[in-house]
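Below is one structure, written out as structure tokens; comments come after it.
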Amino acid sequence: TAHVRLPRVPVPDDPGRRAFLTDVIEGLSADPKRIPPKYFYDERGSQLFEAITRTAEYYPTRTETGILTERAGEIASFVPKDSALVEFGAGSLTKARILLAAAPIKTFVPVDISGTFLEGEATRLSRDVPGLRVLPVAADFTAPFALPAEIAGQPRVGFFPGSTLGNFEPHEATAFLRHAGELLGAKARMIIGVDLVKDPDVLTRAYNDAAGVTAEFNLNLLRRINRELGANFDLGAFWHRAVYNREQLRIEMHLGSKTRQRVRIDGRCFDFRRGETIHTESSYKYTPELFRTLANGAGWRVAESWTDRDKWFAVHALVW
Ligand code: AVI
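FYI, the UniProt record's numbering numbers position 50 of the sequence shown as 51, with every residue one higher than the one before it.
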């Protein structure tokens, strides 16, 4: 990579932007190039993800919602009275609403990196569920953060739906589960949704929807880098692709360069060969056995598991 000094772009400097810039520069300096998937979720990215969940091909959301709805009673009996439910990467709160309606939850702590999106959803939820205390936390849940002091003394139940765990590398998934256990504390419980290993055709279709919403979601990452880091990515010069890696049991999303080109970010240059890709996301799939091994390795015990008729998705109940 050529390192040519260019005039610095006048964009506001804050710690969040700094971390984003550092991660992008590090990732694009690596071979193969990569960018961490957590940066998909600016406001537009969060909205595009919600749109993905409504495509015909993207089965995980509706399958998991089906399990939560059908098994709400059984799942609720796993939640101690007057619990605090802590949702990691809360997004639209649609799934939490199912649990909140069925289980004896007193306080709800949605944690999400997209602060503005979260505030809006949390306000709507407080309006809809009178008597529920909602304490949103705008934080990157992959880094250490504190729980609100108000929930001291309440039983804690973690909620991590959507197979977001699958977006971590396996060693990161272990670290996340261990940290979540330590954060929630003694006798903690956790309800976690994990996508199952299945027919590769079903998987590839889910990440290459015909309407191109997933492609838009993937490309929006470049738009965000342009806006927040003052880069000059030409969005029309990259294509989206999602492939299933059968050895690693993961879907990989990539952005590929249509031509040989050079991109500038914050005074640095990054060269792309024609066809060279940026690996933007891995979405690991777990068999029930592999998930049990992962959870046990992080200090949790799988108490119960629920799945759908096709065995496409699993919801696991864990005890710390
Ligand atoms: C949020 N996460 C679990 C999604 C997934 O399926 O890995 C993100 C996503 N990427 C493309 N489509 C959806």
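For every residue, glycine included, the Cβ atom is placed at its ideal position computed from N, Cα and C.
Computed from a predicted structure; not experimentally measured.
> If you drop the 5 nearest sequence neighbours on each side, which residues of the same chain put their C-beta closer than 7 Å to that of Asn233?
Replying inline: Asn227, Val264, Arg265
Which word fits Glu282, buried or exposed, when buried means at least 16 other C-beta atoms lie within 10 angstroms of its C-beta?
buried
Go through the region 197-278 residue by residue and report every complete run of the alpha helix (DSSP H) that reaches 4 residues or more, in order. 201-207, 214-230
### Task
With hydrogens ignored, establish whether the beta-carbon of Phe50 is closer than 8 Å to any heavy atom of the ligand AVI.
yes
*Apart from the five residues just before and just after Ser225, which ones in its own chain have a Cβ nearer than 6 Å to its Cβ?*
Ser is not the amino acid found at residue 225; the sequence shown has Arg there. Same-chain partners within the cutoff: Asp43.
Check: Taking the alpha-carbon positions, what's the Lys96 to Glu88 distance?
Finding: 10 Å
For the alpha helix (DSSP H) containing Ser30, list its first residue and its last residue.
16-30
Tell me which residues share the same chain as Gln262 and place their Cβ nearer than 8 Å to its Cβ, disregarding the 5 neighbours each side in the sequence. Asp235, Ala238, Asp272, Phe273
- Item | In DSSP terms, what residue 328 is bridged to | The chain is shown from 2 up to 321; residue 328 falls before or after that span and cannot be answered.
Starting from Pro111, follow the alpha helix (DSSP H) in both directions and report where the run begins and ends.
Not the alpha helix (DSSP H): Pro111 falls in the beta strand (DSSP E), residues 106-113.
Smallest Cα separation from Pro131: which of Asp141, Leu101, Phe118? Leu101
If you compare alpha carbons, which of Leu291, Ser306, Ala243 is closest to Tyr280? Sequence inspection shows His at residue 280; the Tyr mentioned does not correspond to that position. Per the Cα distances, Ala243.
Runs of 4 residues minimum, wholly inside the region 38-102: which ones carry the alpha helix (DSSP H) assignment?
44-54, 60-71, 73-77
Discussion item. Between Ala104, Phe21, Ser127, Ala153, which has its C-alpha nearest Phe160's C-alpha?
Written reply: Ala104
* Is the region 132-142 in contact with the region 109-117, if contact means three or more CB pairs nearer than 8 Å? -> yes
Is the Cβ-Cβ distance between Ile106 and Leu119 less than 9 Å? no
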